Every structure is written in C-alpha cells, then in structure tokens.
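To start, the structure itself, in structure tokens.
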Amino acid sequence: MPEPGSAADVVRTWDARADHYLRLFRDELDGKPYDREALHAFAGRVAEGGRVYDAGCGPCGHVTEMLAAQGLDVLGIDLSPRCVTLAGQEKPGCRFAVMDQRDLAGKRLDGLVSYYSLHDQPKRHLAATLASWAAALRPGGQLLIVVKEGTGDHVIDDPLGNDLRVYWAEFTEYELRAAAGSAAFRVDDCTVREAYEDEIPTRRVYLSATRRRPRA
Ligand SMILES: C[S@@+](CC[C@H](N)C(=O)[O-])C[C@H]1O[C@@H](n2cnc3c(N)ncnc32)[C@H](O)[C@@H]1O
Numbered sequence: 032m033p034e035p036g037s038a039a040d041v042v043r044t045w046d047a048r049a050d051h052y053l054r055l056f057r058d059e060l061d062g063k064p065y066d067r068e069a070l071h072a073f074a075g076r077v078a079e080g081g082r083v084y085d086a087g088c089g090p091c092g093h094v095t096e097m098l099a100a101q102g103l104d105v106l107g108i109d110l111s112p113r114c115v116t117l118a119g120q121e122k123p124g125c126r127f128a129v130m131d132q133r134d135l136a137g138k139r140l141d142g143l144v145s146y147y148s149l150h151d152q153p154k155r156h157l158a159a160t161l162a163s164w165a166a167a168l169r170p171g172g173q174l175l176i177v178v179k180e181g182t183g184d185h186v187i188d189d190p191l192g193n194d195l196r197v198y199w200a201e202f203t204e205y206e207l208r209a210a211a212g213s214a215a216f217r218v219d220d221c222t223v224r225e226a227y228e229d230e231i232p233t234r235r236v237y238l239s240a241t242r243r244r245p246r247a
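For our numbering, add 31 to where a residue sits in the sequence shown, where the first one is 1.
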C-alpha cells in the first residue's frame, strides 16, 4: 500500500473512484454560478490564447472545457491515468495529460487553475506545490485556487461512499494567503462562500493571485 497522500496514493485512490466521481459531478458547474463567475474572471485576467493548466482536472474535464471556451490554450493535467482517460472521452475537443501538479517548473504558463486539487495530499506539501506553480508561471501569470475550508489533514473513509481510505486535507483562507505570499505570488483577492444546498456543507475558499516579478 503506498504512503497515504503520496503521488502513488493519489493514483491508487483516484483511479479507483474516477468513474463514480464522473457520474456524480459531470454537471456540477451548471448549479454553481459563483464558480462559473470565478472561472470567467480568471480567464479574463489571462490574455486571449494564453497557455493555462487546469491542475488536477479530474475525470469530468469541465473546468478545462470552460476555460477553453473563453479562448485560452488549456491543458488539463492529472496524476490519475483513469481520470485523464475519462476526461478525454468526456470532452473530446480538449487536451489532457498525465502529469504531477507538483512538478511543473519551467512550463512558462500564463495561468494555472487548481479547482479542488489540493485536498489529496498532506498540508505539509502545500509550500512545495505552490513553489511548483510559481516556477511554472511567467511573471504576471495568474493563479486561481479553489478549496474546501477546514483544518482536516488525515486519512478518512471515502466520503463518496467507495470502499476506500483516502487522504483528505482542508485549508483556511489564512493558510492559503500565507503560502501563496511565501511562494512569490501577490494575493489579489481571497473570498469565502457558504456551501450551496446540494453540496457537502463546507465553506469554499477562492484565492486569486499574480506571479510576482523577480526583484532586480
Ligand atoms: C476532487 S478532484 C477535482 C477534479 C476536478 N478539478 C473537478 O473539480 O472536477 C481532485 C483531482 O486532483 C488530482 N490530483 C491530486 N493531486 C494531484 C497532483 N499532485 N498532480 C495532479 N493531479 C492531482 C486527483 O487525481 C483528482 O483527479
């Protein structure tokens, strides 16, 4: 069994739950106007045709598709091969690849979105993940992070009901702000919304940031 929260553990758990997750969430953005607005606002901050990664795209591929429809050059990336296969079938007009969001240095991206992709690995990895994103983005590049709010950082029974133990980490606004600031980002905005009625009843945090220019 891989170490809980390791890259191999993400592959183990997400390959096993990808099909179920797709059935549950393929239409979820339809009922989330706040999220659609946040993604549109992100796209508006990136120049037309800008190179963007949807980090932890999952099996639905809906964030990748939404950003592509806004005129961005988007690649959806995920550690789970099953998620990438399903996303490609679900959104055949979009591009997806197996890749670790913590290993993106030198990609010269104009933007990166992490829509609930931080929860599968321990909080102690947050700084390294944000450092990878800072190293992937050109100066002035745009970052959008969406997470569930909380303090959890442990192995739990799969809340989706699969017979699995999965890693689950939650974050506060203050943790995200501090980690982004330490990783060469300027935090432009950070908002928190209550859960919609049909969501797991946890507040959601939205952080927008810009990759700072290196000091001369
Ligand atoms: C909760 S799902 C969210 C999927 C998608 N963003 C959505 O909202 O439908 C989290 C996804 O992040 C991926 N993930 C977790 N850690 C990752 C990493 N280090 N690199 C790439 N993908 C990762 C998982 O495989 C999973 O598909």
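Using N, Cα and C, we set each Cβ at its ideal position, and we do this for glycine too. A quick note: this is a predicted structure, and the numbers were derived from the prediction, not measured.
query = With 16 other CB atoms within 10 Å as the buried threshold, where does V223 fall?
reply = Position 192 of the sequence shown holds residue 223. Residue environment: V223 is assigned as exposed (fewer than 16 neighbouring CB atoms within 10 Å of its CB, all protein chains considered).
task = Please state if the CB of D184 and the CB of V197 are separated by a distance shorter than 8 Å.
result = Against the sequence shown, residue 197 aligns to sequence position 166. Against the sequence shown, residue 184 aligns to sequence position 153. No, the pair does not count as a contact, with Cβ atoms beyond the cut-off.
message = Relative to the C-alpha of A240, which candidate in A72, G92, P123 and E201 has its C-alpha closest?
response = Taking the sequence shown and counting its residues from 1, the one referred to as residue 240 is at position 209. In terms of Cα proximity to A240, the closest of A72, G92, P123 and E201 is A72.
request  = Report yes or no: do three or more beta-carbon pairs, one from the region 94 to 104 and one from the region 123 to 134, lie closer than 8 Å?
outcome  = yes
query = Cβ-heavy atom distance between D151 and ligand 1 below 7 Å?
reply = Locating residue 151 in the sequence shown gives position 120, counting from the first residue. Yes - ligand 1 has a heavy atom lying nearer than 7 Å to the Cβ of D151.
request  = Please classify S145: does DSSP put it in a helix, a strand, or coil?
outcome  = What you label residue 145 is simply residue 114 of the sequence shown in a count that begins at 1. Strand, per DSSP.
ask   = Which first and last residues belong to the alpha helix (DSSP H) in which R48 is found?
value = Counting from 1 along the sequence shown, the entry for residue 48 is found at position 17. That run of the alpha helix (DSSP H) goes A38 to F56.
request  = For R133, verify whether its CB is less than 7 Å away from any heavy atom of ligand 1.
outcome  = Against the sequence shown, residue 133 aligns to sequence position 102. Correct: R133 has its Cβ closer than 7 Å to ligand 1.
message = Buried or exposed, going by whether 16 or more other CB atoms sit within 10 Å of the CB of P64?
response = Counted from its first residue, the sequence shown places residue 64 at position 33. By the neighbour-count rule (16 or more Cβ atoms within 10 Å), P64 is not buried but exposed.
request  = My understanding is that D151 touches G81, with C-beta atoms under 8 Å, so please give their C-beta distance in whole angstroms.
outcome  = For this step, residue 151 is matched to residue 120 along the sequence shown. For this step, residue 81 is matched to residue 50 along the sequence shown. Not a contact, Cβ separation roughly 27 Å.
key: Any non-hydrogen atom of ligand 1 within 7 Å of F56 CB   = Start at 1 with the first residue of the sequence shown, and residue 56 comes out as number 25. It does: the Cβ of F56 is within 7 Å (strictly closer) of some heavy atom of ligand 1.
query = Name the DSSP beta bridge partners of A200, please?
reply = Residue 200 sits at position 169 when you count from the first residue of the sequence shown. In the DSSP output, where bridge partners are listed per residue, A200 has D184.
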